[in-house]
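**Student:** Pasting a structure below so you can have a look.
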Amino acid sequence: MAKFNTEEIRLRKNAKKGTQLCLLMLGSKGTGKSTFLNNLCGRKIFPTLQQKESLQDPSHAHISPTVKVIKETINLDEGNGVTITLDVVLFPGAGDNLDDTKTPALVREYLETQFDHILNEEIQIKRRTRDTDPRPHICLYFIKPTARGLKAIDIEMMKEIGNHVNIIPVLSKVDTLTEEELSFNKHLIMEDIERHGIRLFDFKEDTLGESIMTEDDLDRSYPNIQIQTGPKINHILPFGIACSNEVTDTNGSELSHIIKFEWGQVIVEDVSTSEFMFLKGILLGSHIQDFKDFTNDVLYENHRTRKLLGNKGYANFTAGIISSSNEEVASREGMGFKTDDGGNISPVSNKTTRQGTSVLNKELEEKNRIIEAYQRKISELETMINAKNVKKDIGNLIDTH
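No gaps in the numbering here: position 2 of the sequence shown is 2 in full-length UniProt numbering, and each next residue is one more.
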């Protein structure tokens, strides 16, 4: 009698479908973003033709570069039949101008636009099937080790986008640092992040041991930490990485990226000298679904709530929905629908229109369900806001007496 492992069946099905991750890369020029992407993908892809075309002509070096958006899609085969579609979003020129005051807002507006695309699809009668999610699920913010913490543009950028994307800080080119210098730079960066209230992705109590590390990795990288757990991921931020486009065969079976020095070489994949493999495992393995879930369930939901409670109010929002719905259905009156003076849509009682009636009735019912769901959401939010205001008024009254 055949035995079925339901967990194995589920994993096989999910592996066959594959998964998609949208990755936003930020950081000033020269922080190693392109090299990191090549190492992450296991082959040289960057700079792409789009990136090369965006590079500034040397004769125009005195002119501040413009900030552009570049999108690339890479298909990764992680083995065991698992495929990952990696959508990469780059902003060449961001952080490289003498005046970068407007750059953070440009990036935030891009993120808001991706949220708005999803919101607009949700309120349509006929929704298009989305193969990919355009919303960046994670932002890797690359920082140079300067022994001075974060630059002003880094602080402003992360504060501006923190409510729209999960941020993970990355300290690049750590092969140039001693262990003491690495620890000092990490401390300064996290100190600035806490001081300015920058929101990072919260790994909560997750540890490297539970997520991605083998016992050998833990023993080599953190010999004083218990093997069963390893350090908490939040405690090792920012990830200190070193990357290279030079490849060598290290053990006869696997290719490794190396950085050569006069005294020897550094292997990018060696966890004792670089946290690249930890970051790769978290991005493409242990936390890929966590990033997507938090983006959809928290960041997007907060954005949608702000939109519904915006300056124009919910009444105007739903009026727009109903108006667009009425126009769409009214344009099909020839198929057997009419609109009364109150704006209500109903099917015409006519035998010749029965075929179209059933389909359009279903569409109208779906639209009504969407509107009712929004109304319930707004009602709940207004109740919460009123309750908070009452508590605040009571507190003020007590203080005055």
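Here a beta-carbon is modelled for each residue, glycine too, at the ideal position from N, C-alpha and C. Note that the coordinates shown come from a computational prediction; the quantities given were computed from them, not determined experimentally.
What span of residues does the alpha helix (DSSP H) with Lys159 cover, start to end?
**Tutor:** Here residue 159 refers to the residue found at position 159 when the sequence shown is read from its first residue. Judged by DSSP secondary structure, Lys159 falls within the alpha helix (DSSP H) whose first and last residues are 152–161.
**Student:** DSSP three-state label for Gly18, please.
**Tutor:** The residue labelled residue 18 in the question sits at position 18 within the sequence shown. Coil.
**Student:** Apply the 10 Å Cβ neighbour rule to Ser183 and answer buried if 16 or more other Cβ atoms are within range, or exposed otherwise.
**Tutor:** To locate residue 183, count along the sequence shown from 1; it is residue 183. Taking a 10 Å sphere around the C-beta of Ser183, we find fewer than 16 other C-beta atoms and assign the residue as exposed.
**Student:** Measuring CA to CA, which of Thr73, Val271, Gly281 is closest to Glu210?
**Tutor:** As a first step, residue 210 must be located in the sequence shown, where it is residue number 210. Minimum Cα distance to Glu210 is reached at Gly281.
**Student:** With a Cβ-Cβ cutoff of 8 Å, do Asp175 and Val266 count as a contact?
**Tutor:** Position 175 of the sequence shown, counted from the start, is the residue given in the question as residue 175. Position 266 of the sequence shown, counted from the start, is the residue given in the question as residue 266. When the beta-carbon positions are compared, Asp175 and Val266 come within less than 8 Å of each other.
**Student:** Of all the CB atoms in chain D, is at least one closer than 8 Å to the CB of His196?
**Tutor:** This model lacks chain D altogether, as it is built from one protein chain only.
**Student:** The beta strand (DSSP E) spanning Gly42 covers which residue range?
**Tutor:** Within the sequence shown, residue 42 is the residue found at index 42, counting from 1. Per DSSP, Gly42 belongs to no beta strand (DSSP E) and is neither H nor E.
**Student:** Taking all protein chains shown into account, do 16 or more other C-beta atoms lie within 10 angstroms of the C-beta of Gln289, making it buried, or fewer, making it exposed?
**Tutor:** On the sequence shown, residue 289 is found 289 positions in, with the first residue counted as 1. Exposed is the call here.
**Student:** Express the C-alpha separation of His164 and Glu112 in angstroms, rounding to a whole number.
**Tutor:** On the sequence shown, residue 112 is found 112 positions in, with the first residue counted as 1. On the sequence shown, residue 164 is found 164 positions in, with the first residue counted as 1. Each residue's Cα considered, the two are about 7 Å apart.
**Student:** For Asn75, which beta-bridge partners are listed by DSSP?
**Tutor:** By one-based count along the sequence shown, residue 75 stands at place 75. Looking at the DSSP assignment, Asn75 forms a beta bridge with Thr85.
**Student:** Where does Phe261 land, buried or exposed, given buried means 16+ other C-beta within 10 angstroms?
**Tutor:** Counting from 1 along the sequence shown, the entry for residue 261 is found at position 261. Exposed, because fewer than 16 other Cβ atoms sit within 10 Å of the Cβ of Phe261.
**Student:** Alpha carbon to alpha carbon, how far is Glu275 from Val170?
**Tutor:** Locating residue 275 in the sequence shown gives position 275, counting from the first residue. Locating residue 170 in the sequence shown gives position 170, counting from the first residue. Taking the straight line joining both Cα atoms gives about 10 Å.
**Student:** Spell out the partners DSSP gives Asp249 in its beta bridges.
**Tutor:** Walking along the sequence shown from the start, residue 249 turns up at place 249. Partner(s): Leu255.
**Student:** With a Cβ-Cβ cutoff of 8 Å, do Asp87 and Thr73 count as a contact?
**Tutor:** As a first step, residue 87 is located in the sequence shown; it is residue number 87 there, counting from the start. As a first step, residue 73 is located in the sequence shown; it is residue number 73 there, counting from the start. Their beta carbons are under 8 Å apart, which means Asp87 touches Thr73 by this criterion.
**Student:** State the Cα-Cα distance for the pair Leu255 and Asp249, rounded to the nearest angstrom.
**Tutor:** As a working note, residue 255 is residue 255 in the sequence shown. As a working note, residue 249 is residue 249 in the sequence shown. Approximately 5 Å, taken between the alpha carbons.
**Student:** Mapping the DSSP letters down to three states, classify Thr101 as helix, strand or coil.
**Tutor:** To locate residue 101, count along the sequence shown from 1; it is residue 101. Residue state, collapsed to three classes: coil.
**Student:** Helix, strand or coil for residue 409, going by three-state DSSP, please let me know.
**Tutor:** Past the edges of the chain, shown from 1 to 401, lies residue 409, and the structure says nothing about it.
**Student:** Taking the beta strand (DSSP E) that Phe142 belongs to, which residues open and close that run?
**Tutor:** Taking the first residue of the sequence shown as 1, we reach residue 142 at position 142. Looking at the DSSP string, the run of the beta strand (DSSP E) that includes Phe142 is 138–143.
**Student:** Contact check, Glu160 vs Ala105 under 8 Å by CB: the rounded distance?
**Tutor:** Here residue 160 refers to the residue found at position 160 when the sequence shown is read from its first residue. Here residue 105 refers to the residue found at position 105 when the sequence shown is read from its first residue. Confirmed, Cβ separation roughly 6 Å.
**Student:** Nearest-angstrom Cα distance between Asp297 and Gly264?
**Tutor:** Start at 1 with the first residue of the sequence shown, and residue 297 comes out as number 297. Start at 1 with the first residue of the sequence shown, and residue 264 comes out as number 264. Taking the straight line joining both Cα atoms gives about 48 Å.
**Student:** If you run the structure through DSSP and keep just helix, strand and coil, what is Val67?
**Tutor:** As a first step, residue 67 must be located in the sequence shown, where it is residue number 67. In this structure, Val67 counts as coil in the three-state DSSP scheme.
**Student:** Are there 16 or more other CB atoms within 10 angstroms of the CB of Asp270, so buried, or fewer, so exposed?
**Tutor:** Locating residue 270 in the sequence shown gives position 270, where the first residue counts as 1. With 16 or more Cβ atoms within 10 Å of its Cβ, Asp270 is classed as buried.
**Student:** Which class does Lys29 belong to by DSSP, given the choice of helix, strand or coil?
**Tutor:** Your numbering for residue 29 matches position 29 in the sequence shown. Looking at Lys29 - three-state DSSP - the assignment turns out to be coil, as it is neither helix nor strand.
**Student:** Report the three-state DSSP secondary structure of Ile240 (helix, strand or coil).
**Tutor:** As a working note, residue 240 is residue 240 in the sequence shown. The sequence shown places Gly at residue 240, rather than the Ile named in the question. Three-state result, Gly240: strand.
**Student:** What would DSSP say about Lys292, mapped onto helix, strand or coil?
**Tutor:** Within the sequence shown, numbered from 1, the residue matching residue 292 stands at position 292. Note: Lys292 maps to helix in three-state DSSP.
**Student:** What are the start and end residues of the beta strand (DSSP E) that includes Ile167?
**Tutor:** Counted from its first residue, the sequence shown places residue 167 at position 167. Here the beta strand (DSSP E) through Ile167 covers 167–171.
**Student:** Note down the Cα distance separating Ile155 from Arg128, rounded to an integer number of angstroms.
**Tutor:** Numbered from its first residue, the sequence shown carries residue 155 at position 155. Numbered from its first residue, the sequence shown carries residue 128 at position 128. Ile155 and Arg128: Cα-Cα distance of roughly 38 Å.
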